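Okay, so here's the structure we're looking at.
In the working numbering, the protein residues as written are 522 to 602.
What follows is the structure in structure tokens.
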């Protein structure tokens, strides 16, 4: 039969194993958080880059025809002078 010292030794072994498991899980969670953080930053950067490219294309398609018309009108006015 197990006496008090045997039970304490078993409890210490169990506590040790639990602590080791918690440390491994904590390390895995931290590594996962770092990977996810890096992926989120990369995704945000890519999204911003795409938005800026889209904004530039939108502005070009909006303003270029107007500037062309303005230039043509200016050329016409200079031709009349």
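Note that CB positions come from ideal geometry on N, CA and C, so glycine has one too.
The model shown is predicted, which means the values in this text are computed figures rather than measured ones.
- In this chain, the alpha helix (DSSP H) harbouring residue 579 covers 525-601.
- The C-alpha of residue 533 is placed about 18 Å away from the C-alpha of residue 522.
- A direct Cα-Cα distance of roughly 15 Å separates residue 602 from residue 592.
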